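*Asks:* Take this structure, written in structure tokens, and hold onto it; I'll ask about it next.
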Amino acid sequence: MNINLTLFAQMITFAVFVGFCMKYVWPPIVNALAERKAKIAEGLAAAERGHQEQALGEQRALELMKEAKASAAEIVGQAQKRATDIVEEAKSDARTEGDRLLAAARAEIEQETNRAREELRERVSTLAVAAAEKILQKEINVDAHKSIVDSFAKQL
Amino acid sequence: MAATETLTAEQYIQHHLTNLTLGFHPEHGFGLAHSSAEAAEMGFWAINLDTMFFSILLGALFLWFFRGVAERVSAGVPGAAQNFVEWIVDFVEDNVRGSFSGKNPMVAPLALTIFAWVFLMNLMDLLPVDLVPYLFGHFMALFGADPHHVYLKIVPTTDPNATFAMALMVFILVLYYSFKMKGVGGFLGELTLQPFGKWGMPANLVLEGISLISKPISLALRLFGNMYAGEMIFILIALLYGGSLALNVTGGVLQFVWAVFHILIITLQAFIFMVLTIVYLDMAHQEHH
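Just so you know, the protein sequences line up as chains L and V, in that order.
Here the first sequence is numbered in the numbering used here, starting from 446 and rising by one per residue.
Here the second sequence is numbered in the numbering used here, starting from 75 and rising by one per residue.
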């Protein structure tokens with residue numbers, strides 16, 4: 446319990462401890478703490494930014510979807526219009542073709558009719574000539590009366 | 075183990091309150107003191123080996139542990155040791171930021187050193203009072219010393235040398251920064267021109283001088299007194315041992331209760347020493363206009 450040299454020895458010890466702590470212990474720890482604080486703040490800011498970007502992205506996605514829907518509807522409309530157009534065109538084409546075929550068929554029928562008629566006429570004239578020949582065997586010369594027979598045949 | 079045949083209660087207490095003093099005795103020459111009277115006769119030029127040993131051991135332990143953490147400190151996820159160290163550093167830094175308004179990179183490490191060192195030195199009080207001195211006495215007996223004359227105080231803060239050393243260093247810092255921040259005139263003005271104005275100069279000087287001097291004295295005596303009283307109560311409780319069974323049990327219960335209560339005291343005293351140091355240095359940094 447005596448105050449003695451220990452006092453000074455302790456003062457020196459204390460000064461050395463404080464000096465060591467101040468130089469080698471305190472700064473690294475406090476720096477690390479400050480660094481971590483900065484890191485956390487940075488992380489929070491980044492998270493905040495991320496949130497904002499996400500919101501923006503969602504908004505943009507919605508806009509894109511809306512646009513896509515509109516353009517899809519437009520395309521469908523155009524396609525429908527085009528389809529009706531095509532159908533109409535096909536209808537008119539078919540009608541024209543039908544008319545054409547009909548006309549061709551008619552013409553052919555006419556031709557056939559004419560040919561048949563011609564044939565028939567010839568046959569009939571031949572038959573008539575033959576019949577007349579038989580009737581008029583003796584009195585009628587085919588060559589001499591051909592013009593008469595022909596004109597007669599033509600009237601059939 | 076307490077009051078053995080050779081030691082009366084008074085001698086036992088006396089034994090526990092004597093430091094292991096190394097010095098030059100006027101009659102016996104250079105060596106360890108064999109009694110508290112001899113230690114006193116050695117005068118100023120003697121050194122308390124136990125105080126020095128345990129305070130340096132504990133201070134080195136603190137610095138070793140904290141330095142170890144500081145060396146591989148990382149700003150990432152901290153380990154258990156780093157977490158613990160950061161907790162204490164944060165606590166000290168909070169206190170410094172709260173009480174110290176100036177800018178001085180020395181105050182916070184100083185506060186940390188005081189807190190940790192004083193806490194560790196106080197913590198020695200929780201070791202059973204006889205354990206280390208008993209072992210040390212028998213260890214010294216191997217070298218032919220009489221164990222009854224081998225003294226050992228393992229709590230450095232029960233030695234006024236240790237507490238006054240810290241308080242004086244703080245006082246020196248207070249004076250240094252008072253002169254540095256306020257200037258010689260400013261500091262002397264603060265000591266002489268208030269609270270009564272310049273016509274009350276002598277009264278001012280007396281009042282301010284007392285308040286200035288009382289700072290280191292109260293700082294040192296508060297810590298010393300608390301720890302000394304706590305130690306004394308442990309010693310008194312230890313006196314109960316060695317009697318009847320009832321006394322032994324009572325002693326055990328009392329020692330446990332006092333130790334639990336003492337945990338509060340040792341922490342509180344370390345904290346108070348730290349906070350007052352910060353406050354005194356803050357006052358030294360403030361400029362009055």
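Built from N, CA and C at the ideal position, the CB exists for glycine as well.
In this text the structure is predicted, and so the values were computed from the model without any measurement.
I believe Thr-351 of chain V touches Ala-185 of chain V by the beta-carbon criterion, under 8 Å. Please report the beta-carbon distance rounded to the nearest angstrom.
*Replies:* Translated into the one-based positions of the second sequence, residue 351 of chain V becomes position 277. Translated into the one-based positions of the second sequence, residue 185 of chain V becomes position 111. Yes, they are in contact, since the Cβ atoms of Thr-351 of chain V and Ala-185 of chain V sit about 6 Å apart, within 8 Å.
*Asks:* Pick helix, strand or coil for Gly-97 of chain V, following the three-state DSSP scheme.
*Replies:* Working through the second sequence from its first residue, we reach residue 97 of chain V at position 23. DSSP places Gly-97 of chain V in strand when its eight states are reduced to three.
*Asks:* Name the chain V residues whose beta carbon is nearer than 7 Å to that of Ala-486 of chain L?
*Replies:* On the first sequence, residue 486 of chain L is found 41 positions in, with the first residue counted as 1. The premise fails here: Ala-486 of chain L is roughly 12 Å from chain V at the closest Cβ pair, so nothing lies under 7 Å.
*Asks:* So if DSSP puts Phe-189 of chain V in a beta bridge, which residue, or which two residues, is it bridged to?
*Replies:* Looking up residue 189 of chain V in the second sequence gives position 115. None, per the DSSP bridge assignment.
*Asks:* Any chance you could list the alpha helix (DSSP H) runs of at least 4 consecutive residues sitting entirely within the segment 247-321 of chain V, in chain order?
*Replies:* Fully enclosed alpha helix (DSSP H) runs of 4 or longer: 275-313.
*Asks:* Comparing alpha-carbon positions, which option in V:Ile-87, V:Gly-271, V:Ile-121 lies nearest His-99 of chain V?
*Replies:* What you label residue 99 of chain V is simply residue 25 of the second sequence in a count that begins at 1. Comparing Cα positions, the closest option is V:Ile-121.
*Asks:* Tell me whether Ala-120 of chain V sits in a helix, a strand or coil according to DSSP, three-state version.
*Replies:* Residue numbering aside, residue 120 of chain V sits at position 46 when the second sequence is read from its first letter. Of the three classes helix, strand and coil, the one that applies to Ala-120 of chain V here is strand, per DSSP.
*Asks:* Taking the alpha helix (DSSP H) that Leu-106 of chain V belongs to, which residues open and close that run?
*Replies:* What you label residue 106 of chain V is simply residue 32 of the second sequence in a count that begins at 1. Careful: Leu-106 of chain V lies outside any alpha helix (DSSP H), inside the beta strand (DSSP E) at 103-106.
*Asks:* Using a Cβ-Cβ distance cut-off of 7 Å, determine whether Ala-477 of chain L contacts chain V.
*Replies:* Here residue 477 of chain L corresponds to residue number 32 of the first sequence, with the count starting at 1. Yes, Ala-477 of chain L counts as interfacial toward chain V.
*Asks:* Identify whether Pro-202 of chain V lies in helix, strand or coil by the three-state DSSP scheme.
*Replies:* Residue mapping note: residue 202 of chain V aligns to position 128 of the second sequence, counting from 1. Reduced to three states, the DSSP call for Pro-202 of chain V is coil.
*Asks:* Where does the unbroken alpha helix (DSSP H) through Ile-554 of chain L begin, and where does it stop?
*Replies:* Indexing the first sequence from 1 puts residue 554 of chain L at position 109. Element bounds for Ile-554 of chain L: 471-580.
*Asks:* Is it a yes or a no for the segment 284-304 of chain V touching the segment 219-239 of chain V, going by three-plus beta-carbon pairs under 8 Å?
*Replies:* Judged by Cβ distances under 8 Å, the segment 284-304 of chain V makes contact with the segment 219-239 of chain V, as three or more pairs qualify.
*Asks:* Could you check whether the Cβ of Phe-133 of chain V sits closer than 7 Å to any Cβ belonging to chain L?
*Replies:* Walking along the second sequence from the start, residue 133 of chain V turns up at place 59. One point to set straight first is that residue 133 of chain V is Gly, not Phe, in the sequence displayed. Output row for Gly-133 of chain V: interface = yes.
*Asks:* Hey, quick one: how far does the alpha helix (DSSP H) through Glu-84 of chain V stretch, first residue to last?
*Replies:* As a first step, residue 84 of chain V must be located in the second sequence, where it is residue number 10. Glu-84 of chain V -> alpha helix (DSSP H) spans 83-90.
*Asks:* Could you tell me the alpha carbon to alpha carbon distance between Val-143 of chain V and Glu-167 of chain V, rounded to whole angstroms?
*Replies:* Counting from 1 along the second sequence, the entry for residue 143 of chain V is found at position 69. Counting from 1 along the second sequence, the entry for residue 167 of chain V is found at position 93. Distance between the alpha carbons of Val-143 of chain V and Glu-167 of chain V: 17 Å.
*Asks:* Measure from the alpha carbon of Ala-239 of chain V to the alpha carbon of each residue in V:Pro-269, V:Leu-106, V:Ser-129, then state which is nearest.
*Replies:* Counting from one through the second sequence, the residue named residue 239 of chain V turns up at place 165. Selected option, being the one with the closest Cα: V:Ser-129.
*Asks:* Closest by CA to Leu-450 of chain L, which one among V:Met-116, V:Ser-110, V:Phe-330?
*Replies:* As a position in the first sequence, residue 450 of chain L is number 5, starting the count at 1. Considering only alpha carbons, the answer is V:Met-116.
*Asks:* Using C-beta distances below 6 Å, list every residue in its chain close to Met-75 of chain V, excluding the 5 sequence neighbours before and after it, in chain order.
*Replies:* Locating residue 75 of chain V in the second sequence gives position 1, counting from the first residue. Any reading at Met-75 of chain V is ruled out, since the residue's pLDDT is 41, under 50, leaving its predicted position unreliable.
*Asks:* Whole angstroms are fine: how far does the CA of Thr-571 of chain L sit from the CA of Ala-577 of chain L?
*Replies:* Along the first sequence, one-based indexing puts residue 577 of chain L at 132. Along the first sequence, one-based indexing puts residue 571 of chain L at 126. Going by the C-alpha atoms only, they are around 9 Å apart.
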